[in-house]
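Chains as they are written, first to last, in my numbering: chain A, 4 to 366; chain B, 4 to 366; chain C, 4 to 366; chain D, 4 to 366.
Just so it is clear, CB atoms sit at the ideal spot from N, CA and C, and this is done for glycine as well.
Here is the structure we will look at, set down as structure tokens.
Protein chains: 4
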Amino acid sequence: MRPGEGGARKMPVAILGATGTVGQRFVTLLADHPWFEIGCLTASERSAGKRYREAAPWIQSVPIPETVAAMTLQPTTPEAVAAVVADCPLVFSALDSDAADQLEAPFAAAGYLVVSNAKSHRMDRDVPLLVPEVNPEHLALLEYQSYRQGGGKGGILTNPNCSTIGLVLALKPLVDAFGVEQVHAVTLQALSGAGVPGVPSFHLIDNLVPYIGGEEEKLEVEPHKILGRYEDGVIEPHPVRVSAQCTRVPVLDGHTLCLSVKLGREVSAAAVLEAWRTFQGAPQRARLPSAPEWPVQVLDAPDAPQPRLHRDLGRGMAASVGRLRPCPLLDYRFVTLSHNTIRGAAGGAILVAELAVSQGVVR
Amino acid sequence: MRPGEGGARKMPVAILGATGTVGQRFVTLLADHPWFEIGCLTASERSAGKRYREAAPWIQSVPIPETVAAMTLQPTTPEAVAAVVADCPLVFSALDSDAADQLEAPFAAAGYLVVSNAKSHRMDRDVPLLVPEVNPEHLALLEYQSYRQGGGKGGILTNPNCSTIGLVLALKPLVDAFGVEQVHAVTLQALSGAGVPGVPSFHLIDNLVPYIGGEEEKLEVEPHKILGRYEDGVIEPHPVRVSAQCTRVPVLDGHTLCLSVKLGREVSAAAVLEAWRTFQGAPQRARLPSAPEWPVQVLDAPDAPQPRLHRDLGRGMAASVGRLRPCPLLDYRFVTLSHNTIRGAAGGAILVAELAVSQGVVR
Amino acid sequence: MRPGEGGARKMPVAILGATGTVGQRFVTLLADHPWFEIGCLTASERSAGKRYREAAPWIQSVPIPETVAAMTLQPTTPEAVAAVVADCPLVFSALDSDAADQLEAPFAAAGYLVVSNAKSHRMDRDVPLLVPEVNPEHLALLEYQSYRQGGGKGGILTNPNCSTIGLVLALKPLVDAFGVEQVHAVTLQALSGAGVPGVPSFHLIDNLVPYIGGEEEKLEVEPHKILGRYEDGVIEPHPVRVSAQCTRVPVLDGHTLCLSVKLGREVSAAAVLEAWRTFQGAPQRARLPSAPEWPVQVLDAPDAPQPRLHRDLGRGMAASVGRLRPCPLLDYRFVTLSHNTIRGAAGGAILVAELAVSQGVVR
Amino acid sequence: MRPGEGGARKMPVAILGATGTVGQRFVTLLADHPWFEIGCLTASERSAGKRYREAAPWIQSVPIPETVAAMTLQPTTPEAVAAVVADCPLVFSALDSDAADQLEAPFAAAGYLVVSNAKSHRMDRDVPLLVPEVNPEHLALLEYQSYRQGGGKGGILTNPNCSTIGLVLALKPLVDAFGVEQVHAVTLQALSGAGVPGVPSFHLIDNLVPYIGGEEEKLEVEPHKILGRYEDGVIEPHPVRVSAQCTRVPVLDGHTLCLSVKLGREVSAAAVLEAWRTFQGAPQRARLPSAPEWPVQVLDAPDAPQPRLHRDLGRGMAASVGRLRPCPLLDYRFVTLSHNTIRGAAGGAILVAELAVSQGVVR
């Protein structure tokens, strides 16, 4: 039975690194979650011991949920979490990668299932890099983690980089239907992805920055793993070649990607649209609470998608696509958009956790 | 002898459509020009008869030049211009394309050399589409225009689309040194290119628009002509294949292009940089007043070029390039930037006029 | 019994001028309204006959409600509305004032109760200018309108200017408790208030405009009427003196007002805060569907309120106040914020309609 | 004789804290100064020893001057400066106030005349707070500083807060002509005043912040001193009462002030305009190199001044005023604008230094 349903009690969860941008999104999205309830929030040494209300530089456009505002921040250790909430099997990590490098493994070792938004373990051989509509079968990799040997209950699941998610959601239906061989991607990324304090205002008024450190590498590498074929504890990387150029633009939320793709065979534009329009995956079939009804939404307006108008489709969990047309160099060009701090971070991680619960791997 | 030099008097010029964004740039750039002096300003029926100060919705960050502010706007006809300034051989057209379709040819027929920023005649077989550093030899096409038959002095010269200019300036040194076969371009274009009123604020606060009507076509077609080979009154189009995706971003001035190119042969990055760094053309050799010393400026910072920081290099007449690196799909990727209303519009047209004067085709 | 409650059917309503910014907000807010259902949408001649989906330049961040998208736009006449929906007693006017000058009175004469967001009739002697928490008793003025003579059911109710609403909501508790004699107001207004196309982007990137035509006059005059005392069909204007300076800033939604006030007597800051914190009015007592629980929300953060963070409080229907401190010239200074297209336009008008229904004046 | 004129050599100067926003402005403005030449740049411990090019996060829209780019940053001590440039009598301080508290006095004690943009010593009894058009006679206070006792050559001169300068420039002509008793000021301040990194982008896209820590106090206090009467080493504070409310808006440069004033006597609007239009001061009479011809420029357009359009008037050294009209509460209302990092910081300090040189107090 699912937690929180049919009389079952909700599953207590912890949020590691709860005060930052992504942490705040976890708080907002989990505040009324039907399955999970926030049992513990952690923060850095500097903030531990303070109430959440005082320590978090709150920048969401909804108020801090009352129950959360008064919670006392704990240090980011398994012991501290266990002292506050006894039977919490699941922790969401909103830690930045330096902190995640150090702090996530101890939680996994202590029996927690860590669902992480950090890049630290994404490319680890035995850690699934999950987009639930795209590669739910990779979840099986969890059983191969050392944390699970000898009956352990812990482990690490990861969520891709915020710009990768929109890319693989738009690609997956094409990969399945026609194959995808080459992708040329230029991103126009929102600044919320840069965290707080993030980019100084001075740089992004009447300006853009055509560079985001480390981002192009992630966008070129992560799709190989996510789109790869899983068999017996091993993921065979998908051979797609990706060229990525990443830019930061004065937009708050919503990453826009201008894409050109070379497909595995010649197909009509109608076939491409059909592939997107009919696409659903495991989260839709399992009716997971955070799953959008249609993960890829095709927009017809000639100037869509646009970040402010379309980032909230499917409560921020859907990718939108538009402007499909032939490419003089590859096969097709189009534009895709997804919400970088919902689908591309906290919301995506929560959907991973819902998948894990629904498949019985959270013990 | 050059006008305005060595005691020679300046050449009077007219500006057609002087009240709009591009017209205002012409006014600003010509106010202290060493060769030209503004003799006449024209506007639409609605504004003709008013003083420039009253009719122009001035949006430049320098005040309207005093001498210009008091000028009375004329209707956009050769007769009206001739009535105000007798010996004016040259007119700059800042007309929008609907107006230019109707109004430029009569000026050429009446003996004026029209240097136009409108798209109306750019692709006409006998009209040069000029970037003076790139294809000065195309100027010879002027003699083949009907306006020049039988001793006529008129004619039409055109300036490319604002996003094309940065592209061809960055490509030309590579075309000359190595050949260029394919170009993948995604543009992040400033909103001043959209004119006034242009894009409503509502669309570009916390947003971008991944579509600019007609722009991708221009960017894919114009380079063929500009980079083409001229011989005996005919331009053989250059065979480069261009894929363009154009977006509008919340930047005031300065078009940024993310480019990937396939070159004619394998070369080192050092060779590419060297080609850019040593590039100069006819305007530099002829020391034209508006020519930047170096038309392509290579920037070393990892996050350059940026519109606000670099659009004014070479007084807005240089293109800047940065972030050269290999492309997993084509050969090299880089970012280029140029000022869309200076080099990409009024300033570019003035440089065309300077080239024409220096080569003796303004009679 | 209230419409839409306890088995009663919803009341059909029409929206006049449904395609603009305010019209779109009406559509969004009425799509799931518990009492009202959209029966008819009207537009200008140019758009009448088209489907709403095709004619409205939709700029909301939620999609057009499906049922509304397919509706055919009608001309803005009582006959056209009656032909589509027979028993519709209530129309919301999102017309601009030029159209409203001509088109609202015929609806009132034809027996419709018009709830208008336009300025056209706001200052008419017999038209209530309503903020339901502030002056619900002014509703009685409706009976004195010519439209109601001889048993007519029509009439006109109006909603104040978008910047007036935040002002009077913040002032009302102080007026009641201490009296208010002078108000110095500087507004920093969002650009959505300027409609579509509204302010060109060029003016509001890296800029602000310290002028909004006609706005200061409204802000100085409307409070006299709204805060005035009603007796026997006459409103005695409140004598408060208001000095207003209005500016347009690069914010999408949410008008911020920097206020200094001279009160009727000396009071402590604590008393002012208490007056705001305990303030509720007729809409709260009647539990109207659009009424916020607390119409004035006091924020404690030293840098609050801020438009993006606080404009949505009370689903966009609450005013927020912050930064209360003594003023060296008058008595107290503070900052207030309200959502200009929800509370300040469509939402405010809907609350007026709810008040009218609950008091039985919609027949 | 003035330095740099008539064959005299330029005066070498140092810039303390040269890598920040204000330091960069000093570098830009002094690069081609007719009197001064940059002899030494200092920075924090962390940056000392590096070349300026490497250590300064350059954000100006003109390139780093070549001669400066290669200079090696020194520690901020008199000894370090003296080791690099022997005969430098003048240092400009762009230090933040924490650093200035510690580091400026040692320079003054070592015989340097420090012209500081920091708030540290502004309100010291014996330190002039100078706006050269407003209170040049306060320069005499320098002789009363301890640094000057016993023949010392050092001392400290200060420049007001960036928002104060526009205020006192606009007020001074009115103070002289009519007297000013009360001022109500609401500021809309640019973000460059917040330094680098300054305000995170996240806070100022689609938002504003109605609070700037410590700013209102400065704006309420500094005018008393600047407008005060100097006699025999003492400044009698001017009794004007100022109420200030400061906000941060998404503008890069240029502080806009909405002002209401109560004058000493009843005057016509024409008289006010005349007072502004004819105002000139010591810098204009002495033809100081950085002095604008007219320090207060009256703009006639109904929507002027605007930051992007008018901040550069007088090369960023003039204040502009517009929208003069009666105030229902005080006497007159108007809007004033000045460039916060030129006139309000580096440029203002340079003008102070020019005044000091021209009056012979730099020894």
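Amino acids of chain B, ordered along the chain, whose beta-carbon sits closer than 7 Å to that of D/V16: The contacting residues do not exist; D/V16 stays about 26 Å from chain B at best.
Meets three-Cβ-pair contact criterion under 8 Å: the region 297-306 of chain C and the region 250-263 of chain C: no
Short Cβ contact (9 Å threshold) for A/V252 with B/L262: no
Any chain D beta carbon closer than 9 Å to C/P242: no
With 16 other Cβ atoms within 10 Å as the buried cut-off, status of A/V324: buried
C/V355 in three-state terms, based on DSSP: helix
Amino acids of chain C, ordered along the chain, whose beta-carbon sits closer than 7 Å to that of D/Q2: Nothing can be reported for residue 2 of chain D: it is not among the residues displayed for chain D, which extend from 4 to 366.
A/G23: contacting residues in chain D (beta-carbon distance under 9 Å): Chain D residues near A/G23: none, gap ~11 Å exceeds 9 Å.
Classification of A/Q105 by the beta-carbon crowding that lies within 10 angstroms, buried from 16 upward: exposed
The region 197-218 of chain D: positions lying closer than 7 Å to chain C by Cβ: D209, N210, L211, V212, P213, Y214
Nearest-angstrom Cβ-Cβ length linking C/F181 and C/V245, presumed shorter than 8 Å: That pair is no contact at about 17 Å.
B/P331, DSSP secondary structure in three states: coil
CB contact check: D/Q283 to chain B, cutoff 9 Å: no
Residues, ordered as in the chain, of the region 225-259 of chain C that lie near chain D by beta-carbon distance below 7 Å: R244, V245, S246, Q248, T250, V252, P253, V254, L255, T259
Cα-Cα separation, C/Y214 to B/T75: 28 Å
Beta-carbon spacing of C/V183, C/L132 below 9 Å: no
Outcome for D/G363 when other beta-carbon atoms lying within 10 angstroms are tallied against a minimum of 16: exposed
Cutoff 9 Å: C/L312 Cβ touching any chain B Cβ: no
Three-state secondary structure (DSSP) of D/A15: The question names Ala, yet the displayed sequence has Pro at residue 15 of chain D. The answer is strand: DSSP assigns D/P15 an E or B state.
Those runs of the alpha helix (DSSP H) which lie wholly inside the region 236-264 of chain C and span at least 4 residues: none
Rounded separation between C/P37 and A/G114 - CA only: 48 Å
Chain-ordered neighbours of A/V338 on chain B, where CB pairs are closer than 9 Å: P213, Y214, Q248, T250
Chain B contact for D/V30 (CB, 9 Å cutoff): no
Neighbour flag for A/R346 against chain B, beta carbons, 9 Å: no
Within-9 Å CB hit, D/P66 to chain B: yes
Min CB distance C/Y178 to chain D below 9 Å: Rather than Tyr, the amino acid found at residue 178 of chain C in this sequence is Val. It does not; no Cβ of chain D falls within 9 Å.
Delimiting residues of the beta strand (DSSP E) encompassing C/Y375: Chain C is shown from 4 up to 366; residue 375 of chain C falls before or after that span and cannot be answered.
Among D/A356, D/R318, D/K156, nearest to D/I345 - alpha-carbon criterion: D/R318
Contact under 9 Å by Cβ, D/D127 with D/G20: no
Members of the region 44-78 of chain A that neighbour chain C once the beta carbon cut-off is set at 9 Å: W61, I62, Q63, S64, V65, P66
Neighbourhood of C/A247 by C-beta distance below 6 Å, restricted to the same chain and skipping five residues each side: A188, E219, L222, E223
Where the alpha helix (DSSP H) through B/R311 begins and ends: 310-313
Proximity test, C/G169 beta-carbon vs the ligand PLP heavy atom, cut-off 8 Å: The model depicted lacks the ligand PLP and carries no ligand whatsoever.
Residues that C/D315 contacts on chain A, provided the C-beta gap is smaller than 8 Å: S64, V65
Integer-rounded CB distance, given that A/N162 should sit under 8 Å from A/G351: 5 Å
Residues near A/P298 by beta carbon distance below 8 Å, same chain, minus five either side: E136, L172, F282, Q283, G284, P286, Q287, G317, M320, A321, A322
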